[in-house]
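So the mapping is simple: this note's numbering equals the position in the sequence shown, first residue as 1, plus 18.
Working notes, beginning with the structure itself.
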Amino acid sequence: MPAPMPYGPPGRPPQRPRKRGGGGLLALLLVVIVLVTGGLVLNAVRQVGVDDSAAGPNPSNTYPTEGNATGSAETASNPLLTDPDATLIPARCAYSPWSTQVDAARKFFESAATCLESAWKPVLADADLPFQPPVVNVSASTAGVTTPCTGSTTNFAAFYCPANKTIYMPISQLQTDLFKDNWVVYLSVFAHEYGHHVQAMSGILRKANAERVDAGTRSDRGLELSRRVELQAQCFDGMYLGSSASGGSLTNSQITIAKRDANGRGDAPSDSRDHGTTENSGNWFELGVDKNRAFQCNTFTAPSSAVS
Numbered sequence: 019m020p021a022p023m024p025y026g027p028p029g030r031p032p033q034r035p036r037k038r039g040g041g042g043l044l045a046l047l048l049v050v051i052v053l054v055t056g057g058l059v060l061n062a063v064r065q066v067g068v069d070d071s072a073a074g075p076n077p078s079n080t081y082p083t084e085g086n087a088t089g090s091a092e093t094a095s096n097p098l099l100t101d102p103d104a105t106l107i108p109a110r111c112a113y114s115p116w117s118t119q120v121d122a123a124r125k126f127f128e129s130a131a132t133c134l135e136s137a138w139k140p141v142l143a144d145a146d147l148p149f150q151p152p153v154v155n156v157s158a159s160t161a162g163v164t165t166p167c168t169g170s171t172t173n174f175a176a177f178y179c180p181a182n183k184t185i186y187m188p189i190s191q192l193q194t195d196l197f198k199d200n201w202v203v204y205l206s207v208f209a210h211e212y213g214h215h216v217q218a219m220s221g222i223l224r225k226a227n228a229e230r231v232d233a234g235t236r237s238d239r240g241l242e243l244s245r246r247v248e249l250q251a252q253c254f255d256g257m258y259l260g261s262s263a264s265g266g267s268l269t270n271s272q273i274t275i276a277k278r279d280a281n282g283r284g285d286a287p288s289d290s291r292d293h294g295t296t297e298n299s300g301n302w303f304e305l306g307v308d309k310n311r312a313f314q315c316n317t318f319t320a321p322s323s324a325v326s
């Protein structure tokens, strides 16, 4: 059986290496079988690559034990998106110091995961949806890394693998030469991938994948569904960073850096149209930062122009 594909980052900045989390010289299109929340569906996802990676501990074989164990296989009407009061409560997070050294980077992302769990778990519980912490998998590079979503290829970026509920964060593909010590950018990458985990827990990914299969994964409708998924993860990313700033864990200048970065992400003219324009990437991220309401991240009810 072909390996399931990852849910990658929101897109590349202009005149930088392709796709967040790393550059890419060309797009790799694969049609794969993916097992998501107990449902076998066909999923075609573009993976872009020069700088992309994964590694880490063994995949988790545990499953959610809280709330509705299978989530709700809905997109627009998902319980996560129907409560106008569903918001991430501001909290002060003690982020571990950032460094490109693997041990330090792992501690940084694990500290972020702890804060993200504190933020998202109550929201999912209030909607009677399951929660299980994702595995956080940090590596120096892609060399020798094998994952359920990528097999033995090393041509991938930071991504979320729904098959084992793992977020893979390869340091060599985070464009650290470009962003230096502006760790809020790496936090934003991680929060975007965590947003995909939230989508998986809620059942949104399962439903979106099924709809893509019905429409044709590379059809216009299939690509639009991919953009709705990716742009929603952008909005969830913004929700978290905004709430973290409100709790005093991020400064206004860091939020400005994150917004500027989000407004530079998106599909390049030569890319497959599966992530969204740079304008929409920035719009949905800023909506999450400014409003911090899950229902306002409902990309599945947005007009096509807002998810182009």
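No residue lacks a Cβ here, since even glycine has one placed at the ideal position from N, Cα and C.
Taking 8 Å as the cut-off, decide whether the C-beta atoms of Ala91 and Arg224 are in contact.
-> Between Ala91 and Arg224, the C-beta spacing is below 8 Å.
Where Asn221 and Ser299 are concerned, what is the direct C-alpha to C-alpha distance, given to the nearest angstrom?
-> A small correction: the amino acid at residue 221 is Gly; Asn does not occupy that position in the sequence shown. Rounded to whole angstroms, Gly221 to Ser299 spans 23 Å at the Cα level.
Reduced DSSP category for Asn155 - H, G, I as helix; E, B as strand; rest coil = Here Asn155 sits in strand by DSSP.
Run of the alpha helix (DSSP H) containing Phe177, from where it starts to where it stops | Per DSSP, Phe177 lies in no alpha helix (DSSP H); the unbroken beta strand (DSSP E) holding it starts and ends at Phe177 to Cys179.
Comparing alpha-carbon positions, which option in Pro180, Arg230 and Ser323 lies nearest Val154?
-> Comparing alpha carbon positions, the residue from Pro180, Arg230 and Ser323 closest to Val154 is Pro180.
His214 to Ser170, Cα distance in whole Å?
-> If you take the alpha carbons of His214 and Ser170, they lie about 22 Å apart.
Just curious, the alpha helix (DSSP H) that Lys132 is in, first and last residue?
-> The sequence as given places Thr at residue 132; Lys does not occur at that position. Here the alpha helix (DSSP H) through Thr132 covers Val120 to Asp144.
Going along the chain, which residues of its own chain have a beta-carbon closer than 6 Å to the beta-carbon of Gln217, five neighbours each way excluded?
-> Only Leu223 meet the Cβ criterion.
In angstroms with no decimal places, state the Cα-to-Cα distance between Gln314 and Leu305.
-> One C-alpha to the other measures close to 8 Å.
Could you tell me the distance, in whole angstroms, from the CA atom of Thr296 to the CA atom of Leu98?
-> Taking the straight line from one Cα to the other gives about 26 Å.
In whole angstroms, what is the alpha-carbon distance linking His210 and Glu229?
-> Their backbone Cα atoms lie some 22 Å apart in a straight line.
Starting from Thr184 and walking both ways along the alpha helix (DSSP H), at which residues does that stretch end?
-> Per DSSP, Thr184 belongs to no alpha helix (DSSP H); it is in the beta strand (DSSP E), Thr184 to Pro188.
At 4 residues or longer, and completely inside the region 83 to 118: list those alpha helix (DSSP H) runs for me, N to C.
-> Listed in chain order, there is nothing to give.
Which residues in the same chain have their Cβ closer than 7 Å to the Cβ of Arg239, if we skip the five residues on either side of it in sequence?
-> Answer for Arg239: Ala233, listed in chain order.
Name the residue from Gly284, Pro102 and Gln150 whose alpha carbon lies nearest to the alpha carbon of Ala251.
-> The shortest C-alpha separation from Ala251 is found at Gly284.
Give a yes or no on whether the C-beta atoms belonging to Ala109 and Gly265 are separated by under 8 Å.
-> Cβ distance < 8 Å, so Ala109 and Gly265 count as in contact.
Taking only runs that begin and end inside the region 229 to 291, name each unbroken alpha helix (DSSP H) of 4 or more residues, in chain order.
-> Runs of the alpha helix (DSSP H) spanning 4 or more residues and lying entirely within the region 229 to 291 occur at 238 to 264 and 270 to 280, in chain order.
Whether Val156 touches Ala123 by CB criterion (8 Å) = Contact flag set, yes.
Endpoints, the alpha helix (DSSP H) within which Ala218 is located | Start and end: Trp201 to Ser220.
Hey, out of Gln272, Ala312, Gly282 and Ser267, whose CA is closest to Cys133's CA?
-> The residue with the shortest Cα to Cα distance from Cys133 is Ser267.
Note down, in chain order, each residue of its chain lying with its Cβ closer than 6 Å to the Cβ of Thr164, except the 5 sequence neighbours on either side.
-> For Thr164, where only same-chain residues beyond five positions count, the Cβ hits under 6 Å are Ser170.
Coarse secondary structure for Thr171, derived from DSSP in three states = Judged by DSSP in its simplified three-state form, Thr171 adopts coil rather than helix or strand.
Inter-residue Cα distance where the pair is Trp201 and Val325 = Each residue's alpha carbon lies about 28 Å from the other.
Euclidean distance between Cα positions of Val207 and Arg311 = Those two C-alpha atoms are separated by around 20 Å.
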